[in-house]
Amino acid sequence: MSISLSSIQAPIEEPMKAFEGKFRQFMKTKVMLLDTIMNYIVQRKGKQMRPMFVFLTAGCVGEITEKTYRGAALIELLHTATLVHDDVVDESDYRRGFFSINAVWKNKIAVLVGDYLLSKGLLLSVDHKDFDLLTSVSTAVREMAEGELLQIEKARKLDITEDVYFDIIRKKTATLIAACCAVGVQSTDADEKYVDMAHQFGEKVGIAFQIKDDLFDYGDAEIGKPLGIDIKEKKMTLPLIYALQNTTRSLRKQMIKTIKNDSDNPVKVKEVIDFVKSTGGIAYATQRMQEFAQEAREILLQFPDSTYRTSLGNLLNYTIERNK
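Under full-length UniProt numbering, the residues of the sequence shown are numbered 1 to 324, in order.
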């Protein structure tokens with residue numbers, strides 16, 4: 001990939017460095033066990049794309065302020081809380097290649113840590129009267145929960161339509177990136193119209209991001225090794241939905257039966273992957289991903305020209321060109 005995260009971060013290099021120290025301070029606690037766990041969480045930070053969206057959108061329309069740092073911290077705190085709880089629900093022992101909190105400290109402590117992170121984020125906003133930021137991020141967390149539950153409900157019947165799929169990924173994934181972008185603008189003195197535009201931009205990016213994730217499940221020379229994890233978990237993603245809608249009735253019934261009954265069989269999973277490829281599911285999903293990315297670019301062009309805007313465009317490209 002020609003785009004690197006370090007080059008994308010160039011306009012916000014100093015704010016990102018400062019954020020790391022500020023975030024550690026936001027996580028501080030006098031309870032020794034909790035402080036140990038907080039340090040463990042901070043050290044496992046990923047690509048930090050969410051803070052990048054916050055700082056870049058803020059820079060697009062105004063000055064990066066202390067409120068911007070609080071907005072980025074609020075998103076990280078609330079999102080981390082949801083991830084800690086997710087690992088408990090999914091009985092997952094790993095997160096980003098490290099042991100999950102529940103794997104190291106067991107479920108009870110993990111649930112309490114998630115609660116602590118949630119309350120820490122809420123108080124950070126309440127103490128500084130950042131109610132606009134709190135509304136944006138809390139709405140996103142609510143929609144993420146709704147999206148997860150909708151996916152669970154539909155997975156039982158394997159009857160997800162394309163419209164329902166987009167509703168699920170908008171809530172599960174796109175709403176948080178949209179909140180990052182809205183929060184970035186809200187942390188400045190910019191016109192309210194930019195808040196709505198930033199939210200729309202983030203939502204389009206988030207949908208494109210999730211489609212890219214779904215494509216990883218099928219793999220090819222560009223995307224990587226076929227894994228079939230979504231199929232094993234009976235998740236109906238866009239490539240599969242398209243393939244099932246564009247085949248014969250008998251083959252559709254056969255594939256649904258395979259997913260329901262034989263998703264643990266690697267040979268059968270490969271049959272589903274091959275079916276999706278041969279029916280045009282990969283090509284269709286890739287086309288839709290590019291459409292959402294282009295819609296995001298068109299929204300971005302309505303922002304003032306700057307190095308921040310250029311980096312936001314590159315961050316969008318990164319999300320759909322990444323190989324993991």
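The beta carbon of each residue, even a glycine, is placed where N, CA and C say it ideally should be. Computed from a prediction, not measured in an experiment: that's the story for all the values here.
Between the region 32 to 50 and the region 277 to 286, can you find at least three pairs of beta-carbon atoms closer than 8 Å? Three or more beta-carbon pairs separated by less than 8 Å are not found between the region 277 to 286 and the region 32 to 50, which leaves the two stretches without contact.
Could you tell me the distance, in whole angstroms, from the CA atom of K234 to the CA atom of L158? Taking the straight line from one Cα to the other gives about 8 Å.
Can you check which of these residues, C60, E162, V272 and T307, is closest to Y218 by C-alpha distance? If we check each option's Cα against that of Y218, V272 comes out closest.
So is A190 buried or exposed if we call it buried at 16+ other beta carbons inside 10 Å? Here A190 is buried. Its C-beta has 16 or more other C-beta atoms within 10 Å.
For A208, report the span of its alpha helix (DSSP H) as first-last. Counting along the chain, the alpha helix (DSSP H) containing A208 begins and ends at E192 to F216.
Rounded straight-line distance, which links the Cα of M49 to that of K106: Each residue's Cα considered, the two are about 28 Å apart.
If I follow the unbroken alpha helix (DSSP H) through E146, where does it start and stop? Where E146 is concerned, the enclosing alpha helix (DSSP H) stretches over F131 to A155.
For T248, count neighbouring Cβ atoms within 10 angstroms of its own Cβ and tell me buried if that reaches 16, exposed if not. So T248 counts as exposed.
Does DSSP put P304 in a helix, in a strand, or in coil? DSSP places P304 in coil when its eight states are reduced to three.
N- and C-terminal bounds of the alpha helix (DSSP H) containing M49: Boundaries of the alpha helix (DSSP H) around M49: M49 to V61.
Do V54 and T65 have their C-beta atoms within less than 8 Å of each other? It is not a contact, given that the beta carbons lie outside the stated cut-off.
For T279, collect the residues of the same chain with a Cβ closer than 7 Å to its Cβ; drop the 5 residues on either side in sequence, then sort them by chain order. If the five residues before and after T279 are omitted, its C-beta is found closer than 7 Å to the C-beta atoms of A243, N246 and T247, all from its own chain and listed in chain order.
Quick one: give me the first and last residue of the alpha helix (DSSP H) that D159 is part of. Secondary structure note for D159: it is in no alpha helix (DSSP H), with a DSSP letter that is neither H nor E.
Looking at the structure shown, is G46 part of a helix, part of a strand, or coil, going by DSSP? Assigned with DSSP and collapsed to three states, G46 falls in coil, not helix or strand.
Taking Q210 and A155 to be in contact with their CB atoms under 8 Å, please state how far apart those CB atoms are, rounded to whole angstroms. That pair is no contact at about 16 Å.
Simplified DSSP state of I299, which is helix, strand or coil: Annotated three-state conformation of I299 is helix, per DSSP.
Given 8 Å, three or more beta-carbon pairs between the region 177 to 188 and the region 262 to 271: Taking one beta carbon from each stretch, the region 177 to 188 and the region 262 to 271 have fewer than 3 pairs nearer than 8 Å; the two do not touch.
Tell me the rounded alpha-carbon separation between I168 and M144. Each residue's alpha carbon lies about 9 Å from the other.
First and last residue of the alpha helix (DSSP H) that includes Q9? Looking at the DSSP string, Q9 is not in any alpha helix (DSSP H), and its letter there is neither H nor E.
Going by the CB atoms, is the gap between A110 and V84 shorter than 8 Å? The answer is yes: Cβ separation under 8 Å.
Out of curiosity, what's the CA-to-CA distance linking D130 and M255? Rounded to whole angstroms, D130 and M255 show a C-alpha spacing of 50 Å.
Anyone know if the C-beta pair for V31 and L78 falls short of 8 Å? By the CB criterion at 8 Å, V31 and L78 fall outside the cutoff.
Using 8 Å as the threshold, is the C-beta distance between Q151 and K172 below it? Against a cut-off of 8 Å, the Cβ pair of K172 and Q151 comes out as a contact.
Measure the CB-CB distance between Y318 and L56 and report whether it falls below 8 Å. Not closer than 8 Å, so no.
Smallest Cα separation from L251: which of K232, I8 and V276? The candidate whose alpha carbon is nearest that of L251 is V276.
Per DSSP, what kind of secondary structure is M38 in: helix, strand or coil? Annotated three-state conformation of M38 is helix, per DSSP.
Determine whether the beta carbon atoms of I207 and P239 lie at a separation below 8 Å. P239 sits away from I207, with the two beta carbons spaced by 8 Å or more.
Less than 8 Å between the beta carbons of I37 and I101, yes or no? It is a contact, given that the beta carbons lie within the stated cut-off.
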